[in-house]
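For reference, the structure discussed in these notes is given below.
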């Protein structure tokens, strides 16, 4: 079930340059949300029409935490919201990560840049053995929050912390092994993970993003190329907002 | 207070009776499955489906969507499942609701259009809307909609095969839309709908790149409303068949503007993306407006702008 709601801002803080964490109180959405799902957040500015799809970072009772980068007018507006302010949202949207895929197996959670945010609730939810690898360009954020849920390795492009290089460089350097990979991050990173998982015959679940309009699968704005024929159009296009945003690695062509 | 006035919002389009003048704009609402989870489809005058062709179309590369000031650009490229799956899945879904079904038809060639129109002849759909105005595909679509001879020819060809009343959907990307409107009427169109999107563009200055993979896209949303309203007004005065008005309608006041300008019915498109309840709110708003001004029948409002 998805809901249109007016949520109330509970807290707002800047985590890093242009990155904000906002906790909102919802009626139903938090109660039904799962790790890897997202919400549509609507601007109050009549000139910014389209909802901003923002991934869910944490779920706590009737509260949701969303962490987002200020990328334009809409997210700039959201970053100015203060406790008590109202915010119009729809959700929970998308399929989310399949936690059961890691049952009795060892999971490897890989996040890159702002792609790490939807992985925090996943890290919490996966009860078995797990490793976490986080990749950044330079500045490291939210590492401590992940450390509460498993061992964390870091990669930075400039080498200022952890392994110098990307997330897969860190995986190789540390000799990290796993049965199931969950990943979210920029497309080149996900492409690398697809290949890495295919070579080792590992199950991989990757979360994608794209420009969206409706957020619910009606407008066909946010498709990705799929190996199999899709159910909606009978071609090779999966809807990221509705069929995803999480796909099996071999299911999509990046 | 006196007796409660009886208000009729019923609209008759070429013999098809809609309970109210509010319908969805093609391409913004799928075939209603997704929005049906959020709103009551029984409240709509009609659902106009996303364009369907004779075979599945994969559409354009992404990004297909870009936001602009007060509007948005799309270049979906008419991705659709083709008429077979559409008849098997989408029509039975819509039949569950007390609303009229208008199927938007697209094609690359006249034969493509006719194949779909003939196929729909035996299906329980109420009207056909022929899309000769999509700006996002190279063949078909707008290629039929920018030349009055082509407009008349495709309209005639469709009318010869169609078992349901035919709506021709016009493009605003022309010098004089009334020329196209008259051509469609001459070809036998039962109803006209306008406007489709205006061709536009957006460039990301940081990446020095087009915002859309298709480079150009169709502009929609409140930003285009004044242009759409003017074209609906001109067209309604130029033809004698009913006109369905659309282009940036987001609230009941917008809808009433189009009706006063001459639209017999209205379509709501982009507003669905940011207010999924927009269609239902607009239908209620029109009824309240009629009550407020003592308008017993909505037909009294059509083209009733006075000065």
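Protein chains in written order, with our numbering: chain A, 1 to 254; chain B, 1001 to 1307.
We treat Cβ as the ideally placed atom computed from N, Cα and C, and that holds for glycine.
- Residue nearest to residue 81/A within the set 22/A, 142/A, 61/A is 22/A (criterion: CA-CA distance).
- Beta-bridge partners assigned by DSSP to residue 1204/B: 1209/B.
- Listed as beta-bridge partners of residue 1011/B by DSSP are 1018/B.
- The alpha-carbon of residue 191/A is positioned some 35 Å away from that of residue 1054/B.
- With a cutoff of 8 Å on beta-carbon distance, residue 1224/B and residue 1247/B are scored as near each other.
- Under DSSP, no beta-bridge partner is assigned to residue 1063/B.
- Distances from the CA of residue 148/A to each of 123/A, 135/A, 166/A were compared; the closest alpha carbon is that of 123/A.
- Residue 1252/B sits in a helix when the DSSP states are folded into three classes.
- For residue 60/A, the three-state secondary structure derived from DSSP is strand.
- Per DSSP, reduced to three states, the secondary structure at residue 247/A is strand.
- Residue nearest to residue 1083/B within the set 1056/B, 1097/B, 1128/B is 1056/B (criterion: CA-CA distance).
- Chain B places no beta carbon closer than 8 Å to that of residue 31/A, leaving this residue out of the contacts.
- For residue 1232/B, the three-state secondary structure derived from DSSP is helix.
- Per DSSP, the unbroken alpha helix (DSSP H) holding residue 1292/B starts and ends at 1278-1292.
- In the structure shown, residue 90/A adopts extended strand secondary structure according to DSSP, grouped into three states.
- Secondary structure note for residue 1096/B: it is in no beta strand (DSSP E), with a DSSP letter that is neither H nor E.
- Three or more beta-carbon pairs separated by less than 8 Å link the stretch 1177-1192 of chain B to the stretch 1148-1161 of chain B, which places the two stretches in contact.
- When DSSP assignments are scanned along the stretch 1091-1136 of chain B, the uninterrupted stretches of alpha helix (DSSP H) that are 4 or more residues long and fall wholly within it turn out to be 1091-1095, 1110-1120.
- In the three-state reduction of the DSSP assignment, residue 1180/B falls in the helix class.
- Here the stretch 1231-1246 of chain B makes no contact with the stretch 1270-1284 of chain B; the two share fewer than three CB pairs at distances below 8 Å.
- In this structure, residue 1085/B sits near residue 234/A, with a CB-CB distance shorter than 8 Å.
- The Cβ neighbour count for residue 243/A, taken over all protein chains shown within 10 Å, is at least 16; the residue is labelled buried.
- Contact check between the stretch 1207-1226 of chain B and the stretch 1065-1085 of chain B: three or more CB pairs, one atom from each, fall below 8 Å, which counts as touching.
- Counting along the chain, residue 130/A sits inside the beta strand (DSSP E) bounded by residues 130-136.
- Distance from residue 1166/B to residue 1104/B at the Cβ level is roughly 12 Å; contact not present, criterion being Cβ atoms closer than 8 Å.
- Along the stretch 230-249 of chain A, the positions whose C-beta sits under 8 Å from a C-beta of chain B are 232, 233, 234, 235, 236, 237, 242, read in chain order.
- Only buried fits residue 1023/B, as 16 or more other CB atoms lie within 10 angstroms of its CB.
- It is roughly 28 Å from the alpha-carbon of residue 1192/B to the alpha-carbon of residue 1067/B.
- The stretch 130-139 of chain A and the stretch 98-110 of chain A touch, with no fewer than 3 CB-CB distances between them shorter than 8 Å.
- Residue 48/A has a beta carbon lying within less than 8 Å of a beta carbon in chain B.
- In the three-state DSSP reduction, residue 21/A falls in the strand class (E or B).
- Residue range 3-16 is occupied by the beta strand (DSSP E) that includes residue 12/A.
- In the pairwise beta carbon analysis, the stretch 196-205 of chain A is classified as not touching the stretch 1034-1048 of chain B: fewer than three pairs are separated by under 8 Å.
- Sixteen is the threshold: when 16 or more other Cβ atoms of the shown chains lie within 10 Å of the Cβ of residue 52/A, as they do, the residue is buried.
- Nearest CB-CB separation between residue 221/A and chain B: below the 8 Å threshold.
- If only complete runs of 3 or more residues are kept, the stretch 169-223 of chain A shows the beta strand (DSSP E) at 180-184, 203-207, in order along the chain.
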